[in-house]
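**Q** Chains A and B, in that order, give the protein sequences. Numbering of the first sequence is given in our numbering, commencing with residue -6 and proceeding in unit increments. Numbering of the second sequence is given in our numbering, commencing with residue 4 and proceeding in unit increments. What follows is a single structure, and I will ask about it in a moment.
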Amino acid sequence: MNAQNNSADHTSGRLSTWAAAMVIARRDFTAILFSRSFFFFLLGPLFPVIVGMAAGSVGHKFESNIAQVRLGVAMNAGDAKALLSAQDRLEPKLGAAAPDMVAVGRTGSADADNPAKLLNEQHGNVAAIVSGTLSHPVLTGTADQIDAWQGPVSLIAAEAKNGGPKDFPSVTLSAIATSNASDRQDRAHTAQAGQMLLFLLTMMLAGMVLSNLVEEKANKIIEVLAAAIPMEAVFYGKLFAMLAVSFVGISVWGTLFGGLAIAGGHSLGDFATPAIGWPSFIGLGIAYFAMAYLLLGSVFLTIGSMATTVREVQTLSMPVSMSQLMVFFFATYATAVPGSTLSTVAEVVPFSSPFAMLSRAAQDSSITPHLLAIGWQMVWVAVFVHFGSGLFRSRVMKSGPQGRKMKKAKKGALQAA
Amino acid sequence: MRHTMKMELGEWQAAGNAHAPEHTGIPLAIEARGLVKSFDGFTAVDGVDLSVPEGVIYGVLGPNGAGKTTTLRMLLGIIEPDAGYRRILGSEHPHKVAHRIGYLPEERGLYPAMKAYEAIAYVGALRGLPLDLGRKRGRELLEEHGLGYAADRQIRQLSKGMAQQVQLLATLVHEPRLVIFDEPFSGLDALNQGKLEKMMRALAERGTTVIFSTHVIAHAERLCDSVAIIAGGKVPFAGPVDVARDRIRAQVRLETRARDGLWRGAIPADARHERKADGSAFWLFPLPESGVEPLLRALIEGEAGILSLSIERAGLHDAFVAIAGEAAARALEDTPEEIRR
């Protein structure tokens, strides 16, 4: 073995847990990045976007058809003509409050004398019937429709009968950028948007670590790893690799969707500036995503490591997703009441802490609580990884046949002897 | 004495253990005392003691399910013992000396998408060997063992035997001082078994300690300086192969011209006896504890007419069957009724 003889000048050295984790992370990261499935992983978010756009387009079409509500006019010819002319005149001033009117019958006809029957027979979007005379218009329709239209109908009828008000004073408009109340509300919206984005990314990516150790177990390489480096290093390595993969995904999606948003004339200015400022908010968003990912990932990795097959992992994914949803709802609910005990609890509980703290960053400008929170979250990542790897070693790394099989093997061996 | 928690060496000795580590002057690659491991209430390893000197080939023998793999895993730190003490290459923490240890598990496996030389380098990297150096050595090792043509092939493209050889080379790429093989011969054809035996001898000649587990005694008999026999989670024997053989008394095969005489008193009463057609007699019996000299004297003085006499020493296989059988029988007696059922 020449290789062994001629290399005495360069021997291997003991790896620290961190260095060992990096060996695992580097292998996992490159293995995932250069796999064909990574391309589909990158395409993943496009599918909900495409489905969303298609559904939105259909919904918009449907809504626009439904939304064009009309009022049918069933009066004598003169009144109907005067009413329709008045509607035309007032429409520029009333805007959306002006109903779209159409003549549907004339007084004296059997139909017009029975507006309810006439309404039922109408096709299209006639939602109510105006009958009677200009002096005494009768509005027939469902309660919500007549509630909505009685004012405009009265005004249009007055305009048709008397020419209506002759003088419309001009209103001077004075818009201000924001108010205190509006500011708080807008920042709350920014906080919610940040939380939602954080949740979606974590939801989409953290579940991936569930199946992470199945590969090692299926390929039977887990024992080689466990003999060479501490199991904590294996766990950390896998978590960091998946975190790095998720950052690659987020960079690609961020560039793509950010580019599309800018092309569409949108910018961060569409949202209220967070109390802590955009650069810090984005930086904290990245940090909290990493922490949320590592916290959930360390637990998911442990749960997934107990599974022996992909099928088991799939079975586990549903309760895991539900638990993620619960954490998100808790954090969202708690941060809706800033300064309350509940919001403090949400900031302290490790799983909800990243979500709650990101919301806080949008509404409070102090930075120190964030540094404390990130430190606190890191401690919990270490606790979960330590506990998870210990559990893995004691539950999974049993040798030979286990449980009943082990008893059988023992019995067989004894009998053979 | 059953210990219910792990102990450091000092604590172990302070506890007055009868099996405190021996100090023979030969540095030990491995010393373990009273290792215990249970899974779900079942004791897989029950007080194992091992002392493996540096630079030897050491066999861990035992029937299937005896506790060999669990013992090796405890020595390597893959699992922690419930009780007992272990020291490997001078450290009580196996991962601290992992860069000086090579391990081939019974269940072989590498990442299928990795190229052969990369797989070797990766296992080396896990043991602290820089990746670039691992890649270089990986190619060299493959070339040296006639697998150079497969260096750039993915593991999934190799035959099972070739993949096993790649993993074997990966075990050695970082030049470990101690190599532990768990059932290394299983799955190998006769040709590759011979190659592996040769490789083990070469490692030992360079001063590397080689430990391997097997249930095929012939390999141990050919290779090992010393063995430990594990049965029922215990070690009923640990020591040199010759001493193991000596646990079974040698058999005397004797052919005499005479059938009877005063010399008959020197032959055990329960000896196998056969009369031949030509009037001679054949005898088979265990060598008396007094040795062969008094027997010979009695035969000569009694004019038995010795036609042939040979003493056949027991093989390791016989010793293993006898020792493991006894231990297993004892373990069976200790086994709770519900497990026996």
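Idealized CB from N, CA, C, for every residue including glycine. Everything numeric in this text was worked out from a predicted model, so none of it was measured.
Can you tell me whether DSSP reads P24(B) as helix, strand or coil?
**A** What you label residue 24(B) is simply residue 21 of the second sequence in a count that begins at 1. With a pLDDT of 43 at P24(B), under the threshold of 50, the modelled position of this residue cannot be trusted; read the value that follows with caution. Residue state, collapsed to three classes: coil.
**Q** Would you say V341(A) touches the ligand NAD, meaning its beta carbon is less than 6 Å from a heavy atom?
**A** Because no ligand of any kind appears in the structure shown, any question about the ligand NAD cannot be addressed here.
**Q** In the DSSP assignment, what are the bridge partners of L312(B)?
**A** Translated into the one-based positions of the second sequence, residue 312(B) becomes position 309. BP columns for L312(B) point to L257(B).
**Q** Residues of chain A with a CB under 9 Å from the CB of P115(B): which are they?
**A** Position 112 of the second sequence holds residue 115(B). Going along chain A in sequence order, the residues near P115(B) (Cβ under 9 Å) are N212.
**Q** Per DSSP, what kind of secondary structure is G328(B) in: helix, strand or coil?
**A** Along the second sequence, read from residue 1 onward, the residue named residue 328(B) stands at position 325. Reduced to three states, the DSSP call for G328(B) is helix.
**Q** Give me the Cα-Cα distance between A205(B) and V255(B), rounded to the nearest whole angstrom.
**A** Here residue 205(B) refers to the residue found at position 202 of the second sequence. Here residue 255(B) refers to the residue found at position 252 of the second sequence. Distance between the alpha carbons of A205(B) and V255(B) is about 37 Å.
**Q** In the DSSP assignment, find the alpha helix (DSSP H) that holds A274(A) and state where it starts and stops.
**A** Taking the first sequence and counting its residues from 1, the one referred to as residue 274(A) is at position 281. The amino acid occupying residue 274(A) in the given sequence is Phe; Ala does not appear at that position. Start and end: W271 to M299.
**Q** Counting along the chain, where does the alpha helix (DSSP H) carrying I149(A) start and finish?
**A** Here residue 149(A) refers to the residue found at position 156 when the first sequence is read from its first residue. Taken as a continuous stretch (DSSP letters only), the alpha helix (DSSP H) holding I149(A) covers A136 to N155.
**Q** Could you say which of G98(A), D93(A) and L203(A) lies nearest to G71(A) if we only look at CA atoms?
**A** Here residue 71(A) refers to the residue found at position 78 when the first sequence is read from its first residue. Closest option to G71(A), Cα to Cα, is G98(A).
**Q** Quick one: complete alpha helix (DSSP H) runs, 4+ long, within the region 238 to 296 of chain B?
**A** Runs found: 244 to 249.
**Q** Determine whether the beta carbon atoms of H385(A) and M224(A) lie at a separation below 7 Å.
**A** Within the first sequence, numbered from 1, the residue matching residue 385(A) stands at position 392. Within the first sequence, numbered from 1, the residue matching residue 224(A) stands at position 231. Correcting the residue identity first, residue 385(A) is Phe in this sequence and not His. Cβ distance < 7 Å, so F385(A) and M224(A) count as in contact.
**Q** Closer than 8 Å is the cut-off here; do at least three beta carbon pairs connect the region 207 to 225 of chain A with the region 334 to 344 of chain A?
**A** With the cut-off at 8 Å, the region 207 to 225 of chain A and the region 334 to 344 of chain A do not touch.
**Q** I need the DSSP call for T248(A), collapsed to helix, strand or coil.
**A** Position 255 of the first sequence holds residue 248(A). Reduced to three states, the DSSP call for T248(A) is helix.
**Q** Using the C-alpha atoms, what's the distance from T212(B) back to P362(A)?
**A** Looking up residue 362(A) in the first sequence gives position 369. Looking up residue 212(B) in the second sequence gives position 209. Distance between the alpha carbons of P362(A) and T212(B) is about 55 Å.
**Q** Determine whether the Cβ of S9(A) lies closer than 7 Å to any Cβ atom of chain B.
**A** Counted from its first residue, the first sequence places residue 9(A) at position 16. No - not a single Cβ of chain B is within 7 Å of the one on S9(A).
**Q** Closer than 7 Å by beta-carbon distance: list the chain A residues that pair up with G131(B), in chain order.
**A** Taking the second sequence and counting its residues from 1, the one referred to as residue 131(B) is at position 128. Per Cβ cutoff of 7 Å: S5, G6, R7 and L8.
**Q** Measure from the alpha carbon of M299(A) to the alpha carbon of each residue in F348(A), M390(A), W369(A) and H379(A), then state which is nearest.
**A** Numbered from its first residue, the first sequence carries residue 299(A) at position 306. It is M390(A).
**Q** Any contact of the region 74 to 81 of chain B with the region 148 to 165 of chain B, i.e. 3+ C-beta pairs under 8 Å?
**A** The region 74 to 81 of chain B vs the region 148 to 165 of chain B: no contact.
**Q** Verify the CB distance criterion: does V16(A) have a CB-CB separation below 7 Å to chain B?
**A** Taking the first residue of the first sequence as position 1, residue 16(A) is located at position 23. Interface residue, yes.
**Q** Of the choices A219(A), F34(A) and P272(A), whose alpha-carbon is the least far from that of T10(A)?
**A** Sequence index remark: in the first sequence, residue 10(A) carries index 17 (1-based). For the residues A219(A), F34(A) and P272(A), the minimum Cα distance to T10(A) belongs to A219(A).
**Q** How is the alpha helix (DSSP H) around G80(B) delimited, first residue to last?
**A** For the purposes of this step, residue 80(B) is taken as residue 77 along the second sequence, with counting starting at 1. Note, G80(B): premise wrong, no alpha helix (DSSP H); not H, not E.
**Q** Exposed or buried, which one is Y125(B) when buried takes at least 16 other CB atoms within 10 Å?
**A** As a working note, residue 125(B) is residue 122 in the second sequence. Buried, since its Cβ has 16 or more Cβ neighbours within 10 Å.
**Q** Three-state secondary structure (DSSP) at S352(A)?
**A** As a working mapping, residue 352(A) is identified with position 359 in the first sequence. Reduced to three states, the DSSP call for S352(A) is helix.
**Q** Comparing the C-beta of E110(B) with each C-beta of chain A, is any distance below 7 Å?
**A** Locating residue 110(B) in the second sequence gives position 107, where the first residue counts as 1. Closer than 7 Å: yes.
**Q** What three-state label does DSSP hand L64(B) in the structure shown?
**A** By one-based count along the second sequence, residue 64(B) stands at place 61. Residue state, collapsed to three classes: strand.
**Q** Would you please state the rounded distance, in angstroms, between the beta carbons of T133(A) and A109(A)? I believe it to be under 8 Å.
**A** One-based indexing of the first sequence puts residue 133(A) at position 140. One-based indexing of the first sequence puts residue 109(A) at position 116. Going by Cβ atoms, the distance from T133(A) to A109(A) rounds to 6 Å, so yes, they are a contact pair.
**Q** Is M390(A) close to chain B? Criterion is C-beta to C-beta, closer than 7 Å.
**A** Translated into positions along the first sequence, residue 390(A) becomes position 397. Judged by the 7 Å Cβ criterion, M390(A) is in contact with chain B.
**Q** In whole angstroms, what separates the C-alpha of P24(B) from that of A253(B)?
**A** Taking the first residue of the second sequence as position 1, residue 24(B) is located at position 21. Taking the first residue of the second sequence as position 1, residue 253(B) is located at position 250. In this prediction, P24(B) scores a pLDDT of 43, lower than 50, which makes its location untrustworthy; the coordinate-derived value is nonetheless stated afterwards. Going by the C-alpha atoms only, they are around 32 Å apart.
**Q** Within a Cβ cutoff of 7 Å, which residues of the same chain sit near H26(B), ignoring the five residues on either side of it in sequence?
**A** Translated into positions along the second sequence, residue 26(B) becomes position 23. Since pLDDT at H26(B) reaches only 45, below the 50 mark, its modelled position is unreliable, and the value read off the structure follows with that caveat. For H26(B), where only same-chain residues beyond five positions count, there are no Cβ hits under 7 Å.
**Q** For K279(B), which residues from the same chain have a beta carbon less than 7 Å from its beta carbon, with the 5 sequence-adjacent residues on both sides left out?
**A** Here residue 279(B) is taken as the residue at index 276 of the second sequence, counted from 1. Hits under 7 Å: F285.
**Q** Tell me the rounded alpha-carbon separation between S216(B) and S244(A).
**A** Working through the second sequence from its first residue, we reach residue 216(B) at position 213. Working through the first sequence from its first residue, we reach residue 244(A) at position 251. Approximately 50 Å between the Cα atoms of the pair.
**Q** Give me the subset of the region 212 to 238 of chain A whose CB atoms are less than 7 Å from a CB atom of chain B, sorted by chain position.
**A** Cβ contacts with chain B come from N212, K213, I214, E216, V217, L218, A219, A220, A221, I222 and P223.
**Q** On a CA-only basis, which of E146(B), T259(B), A234(B) and E147(B) is nearest E47(B)? Give me that one, please.
**A** Within the second sequence, residue 47(B) is the residue found at index 44, counting from 1. Correcting the residue type first, residue 47(B) is Ala in the shown sequence and not Glu. Nearest C-alpha to A47(B): A234(B).
**Q** Could you tell me which of D93(A), Q80(A) and L64(A) sits nearest to N113(A), measuring between CA atoms?
**A** Indexing the first sequence from 1 puts residue 113(A) at position 120. If we check each option's Cα against that of N113(A), L64(A) comes out closest.
**Q** At the level of alpha carbons, what is the spacing between E432(A) and S314(A)?
**A** Residue 432(A) lies beyond the residue range present for chain A, which begins at -6 and ends at 410; the question has no answer from this structure.
**Q** Kindly indicate if chain A contains any beta-carbon less than 7 Å away from that of A32(B).
**A** What you label residue 32(B) is simply residue 29 of the second sequence in a count that begins at 1. Closer than 7 Å: no.
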